[in-house]
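*Asks:*
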Amino acid sequence: MAFTVRHTAASVLIWISTFVSSARIYPANEVTLLDSRTVQGELKWVASPTEGGWEEVSIMDEKNTTDPHRIFVEIKFTLRDCNSLPGVMGTCKETFNFYYYESNNDKERYIRESQFAKIDTVAADESFTQVDIGDRIMKLNTEVRDVGALTRKGFYLAFQDVGACIALVSVRVFHKRCPLTVRNLAQFPDTVTGADTSSLVEVRGSCVDNSEERDVPKMYCGADGGWLVPIGNCLCIPGFEERSGACQACRMGYYRALATEGSCSKCPLHSYSIREGSTSCNCDKGYFRSETDPASMPCTRPPSAPQHLISNVNETSVNLEWSAPSSSGGRQDLSYNLGLRGTRVSINDLQAHTNYTFEIWAINGVSKQNPGHEQAVSVTVTTNQAAPSSVTSLQAKDITRHGVSLAWQQPERPNGVILEYEVKYYEKDQNERSYRIVKTSSRNAEIKGLNPLTSYVFHVRARTAAGYGDFSAPFEFLTTSVPSPIIGDGANSTVLLVSVIGGVVLLLFIIAAFFISRRRRKYSKAKQDAEEERHLHPGVQIYVDPFTYEDPNQAVREFAKEIDASCIKIEKVIGIGEFGEVCSGRLKLPGKREICVAIKTLKVGYTDQQRRDFLSEASIMGQFDHPNVIRLEGVVTKCKPVMIITEYMENGSLDAFLRKNDGRFTVIQLVGMLRGIASGMKYLSDMSYVHRDLAARNILVNSNLVCKVSDFGMSRVLEDDPEATYTTRGGKIPIRWTPPEAITYRKFTSASDAWSYGIVMWEVMSYGERPYWDMSNQDVIKAIEEGYRLPPPMDCPVALHQLMLDCWQRERNERPKFSQIVNMLDKLIRNPGSLKRTGGETSRPNTTLLDPSSPDFPSCLGSVAGWLQAIKMEGYQDNFTAAGYTTLGAVVHMTQEDVARIGISSVVHQDQILNSVQGMLSQMQQIQDRMVPV
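Numbering (mature numbering (1 follows the signal peptide of the UniProt record, and there is no 0)), first residue to last: -22 to -1, 1 to 912.
(1) How about GLN363 and ALA440: are their beta carbons less than 7 Å apart?
(2) In the structure shown, what three-state DSSP assignment does LEU648 receive?
(3) Is the CB-CB distance between PRO208 and ARG161 below 7 Å?
(4) Go through its chain and collect everything with a Cβ distance to ILE341's Cβ below 6 Å, but skip five positions before and after it.
(5) Are there three or more Cβ pairs, one per stretch, closer than 8 Å when the segment 660 to 678 is compared with the segment 754 to 763?
(6) For a minimum of 3 consecutive residues, which ranges assigned as the beta strand (DSSP E) are wholly contained in the segment 542 to 566?
(7) Would you call the segment 644 to 661 in contact with the segment 593 to 600, where contact means no fewer than 3 C-beta pairs closer than 8 Å?
(8) Can you give the Cα-Cα distance for GLN165 and LYS131, rounded to whole angstroms?
(9) Which of the three DSSP states, helix, strand or coil, is assigned to LEU163?
(10) If you follow the alpha helix (DSSP H) that PRO195 is in, where does it begin and where does it stop?
(11) Which runs of the beta strand (DSSP E) fall wholly inside the segment 290 to 375 and span at least 3 residues, in chain order?
(12) Nearest by alpha-carbon distance to ARG655: which of PHE796, LEU610, LEU636 is it?
(13) Which residues in the same chain as ILE554 place their Cβ atom closer than 8 Å to its Cβ, once the five residues preceding and following it in sequence are excluded?
(14) So what does DSSP say about ARG58, is it helix, strand or coil?
(15) Given that a residue counts as buried once 16 or more other Cβ atoms are within 10 Å of its Cβ, and exposed if not, what is THR238?
(16) Check for me: the alpha helix (DSSP H) holding GLY583 runs from which residue to which?
(17) If you check the beta carbons only, do PHE76 and ILE49 fall under 7 Å apart?
(18) Are there three or more Cβ pairs, one per stretch, closer than 8 Å when the segment 731 to 746 is compared with the segment 609 to 617?
(19) Can you say whether ARG309 is buried or exposed, counting buried as having 16 or more other CB atoms within 10 angstroms of its CB?
(20) Report buried or exposed for SER256, applying the criterion of at least 16 other Cβ atoms within 10 angstroms of its Cβ.
(21) Please report the straight-line C-alpha distance between THR332 and ASP689, rounded to a whole angstrom.
(22) Give me the DSSP bridge partner(s) of GLU220.
(23) If you draw a straight line from the C-alpha of TYR404 to the C-alpha of LYS805, how long is it?
(24) Where DSSP assigns a beta bridge to LEU206, which residues make up the other side?
(25) Let me make sure I understand the geometry here. Which of ASP640, ASN292, ASP311 has the alpha-carbon closest to that of THR270?
(26) Note down the Cα distance separating GLN798 from LYS850, rounded to an integer number of angstroms.
(27) Quick one, which of ALA142, VAL125, GLY141 has its alpha-carbon nearest TYR134's?
(28) Report the residue ranges of all beta strand (DSSP E) runs contained in full by the segment 605 to 693; include only those spanning at least 3 residues, in chain order.
(29) Have a look at ASP542, LEU778, GLY394 and flag the residue whose alpha-carbon is nearest the alpha-carbon of LYS814.
(30) Quick check: what's the CA-CA separation for MET651 versus SER663?
(31) Are the Cβ atoms of TRP740 and LEU768 separated by less than 7 Å?
(32) Would you grab the beta carbon distance between GLU390 and THR370 for me? Rounded to a whole angstrom, and I think it's under 8 Å.
(33) I need the DSSP call for TYR723, collapsed to helix, strand or coil.
(34) To the nearest angstrom, how far is it from the Cα of PRO619 to the Cα of LEU328?
(35) Helix or strand or just coil, what does DSSP make of LYS795?
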């Protein structure tokens, strides 16, 4: 700081430099540039000038860094009242003038009066009339003036005496600043305020030691020297915690793993830290932590060995069962070798009369951390005598008009001495209803007495002392029409040529006949039904119920492609079904690209009935081919586990997907999803297939938001909720999705699927809301019988809700067909303007007949509290109660002014409540219109 004082009889001039970093500080947010009280002796101010008139004093600060633009001057002075001065007539003043002049030079000698800018004329608030030095009866005045925005290196101050009896006691020049501070672990430096009273200076903070930015820390320095609007923050780095506005290291025995965690935590069980600032704790000797364990998890140990291993031998199968280890090591992820989770396993297809030793290890997440620790329990067993495996490589050596010579290889696992082979054969058209048996002790047989030009099917099986094995796969051939053999030594070449040509022609004829008559192989009732449907719907593929087959495995072979298990790679479990786990994985068929698939597995220990029920869904899916119906890739039935392979749908079930993405889609997108579902259902309906369990939970969504109908098995549990189904003779029914005639009479048709589709529409437009909310199943049944229908979801277009109501017609013949539904949705998509009108824009229906005491008023609507909870506005229950709205009969008459009057100020919440009221009124009106007197 530097200043110069010039004094004359008329004025005092002071030079002030604006380049100042710090000086004597009075209040925390003020920096003093000049205080005459601290240098009074050096200034030597006098009442009149001396020759030359200059006196100077200079003081320079060590740092010249800050540049204040707005300066304040505090003046302390005394003033004597003119009336108390004897002999003074009219020339006495009680004010003085205050000027300033900006300059880049602190040595100016001649400054014209016209160059000065006036700051103010200063008047005294207090004056005195006499002077008594002994008693010091003087009144001191203090005035503060704003010099203004400065642009040069310094300025001169001038105090002009205009004839007053005035004494300047002190002059203090200062500027304001925001002092150094720490907020949210960010330090903000001393900052000079802005140039005017409304300016805010943005300052970026720097994180304190041992911290890092989470969001950029900022604050604003106000004109009065106060910090405003803290934004962003810093977080202590791992190993440090916030204490007293700083980041201090965690003490020994404590740790902090992540910057987003709270304070330091004590080391978990069986762990320790031996230094300050630890980000994790070391495990005690003999204890471990896996790579996926969080730092907060106690250290654990590998488990002890399993206990009480028991074996049970059944021919060439061994069942093992054991108890869990006495110690799990303190973990929950206990498993056993070969990836087993349970405590039992069945090993099949072993060699007969063979010794086997089985070892069972217990494993958990830290077993790999301590190699060599594994403890096992073992058992040695001897398999029993068993029937042989199936015969393979069946061949025909000589084929004639009336006979064939057969040969085959020994079974891969004879499981003992082969005592006998049995050959079963029959005419193909007889379908095993009339077969003959030939037995032989060798691996060949001469079959005679066959009919010419007839297709025969042969099966062979072997027998040991333990019994017969399974029959071989069918071997099929056609007898000839010529007397001489077509295969074998000595065959005439001309006859051979003619026979070959005739055989080729016959073979082509048989292949054509096979495709034409393949439906004839079905069970007779299925054949008759299919023929009737074809007659009624020419040119349309008709669904065939696999349960009408005498042998359900035949339906699987006909409609589902068998896939080799080596083509499938299971990657992870994504769910649990009734029959086993549901996994995701990859399928790579020869000559095709690898694709993602979903894999349903049949759990170990299944019964024959469970296997049939499990594979029946594949027999159903295999008949469908539509972009909005889940696609079956194939099945695995020839090895374990039995699997159903379908296309993979990345976004899972529709209801969960909508709840996860509540409010994120446009109406057009939602209608597009509904259109896809309707298209899939139209395809199924055209095939005469009735789904019976159409619901959002049974619609799958892929990554392109394409919705596909799935879940074609009604034998499973429909929901986890025990109240989710209504049991009648014949099984369980999903009440909330099922029409009255299906609940009462179990009449399932495409019309009942149309009712369910209306519920799916409501689920989609409400983003996965539960239909009928928390009403019980009996209340739902009663409400439907009384004529109640679901109100439109929030922001649901009127056209869509009307389509829902059409699907919910009591008379099933009045419900729209799926072809009509698809056409309606197509029209709405082509005309988006028709989707803009929502229920909130409709006129209020007449409710004069809907008095709460009237029998027409639906009791199923419940209480005000229940209604508010259903629309997620339960926080306003006290507002309704205090205003006297205790019944829904009173609520339905509310207007927007009424809603605002009871204290609901949010416009969004007002609209949501009034839309729901409109929905209630609409449903009441429908009840009134549709009520049929009993």
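Glycine included, each C-beta is placed from N, C-alpha and C at the ideal position.
The structure displayed is predicted, hence computed values, not measured ones.
*Replies:* Reading from the atomic positions:
(1) no
(2) helix
(3) yes
(4) SER313
(5) no
(6) 546 to 554, 559 to 565
(7) no
(8) 30 Å
(9) coil
(10) Premise fails: PRO195 lies in the beta strand (DSSP E), 189 to 199, not in any alpha helix (DSSP H).
(11) 295 to 301, 322 to 325, 333 to 341, 354 to 360
(12) Checking the sequence, you will find Ile at residue 655 rather than Arg. Here the closest residue by C-alpha is PHE796.
(13) VAL560
(14) strand
(15) exposed
(16) First-last for GLY583: undefined, no H or E at that position.
(17) no
(18) no
(19) buried
(20) buried
(21) 45 Å
(22) CYS225
(23) 59 Å
(24) TYR198
(25) ASP311
(26) 35 Å
(27) VAL125
(28) 610 to 614, 621 to 625, 677 to 679, 685 to 687
(29) LEU778
(30) 18 Å
(31) yes
(32) 7 Å
(33) helix
(34) 17 Å
(35) coil
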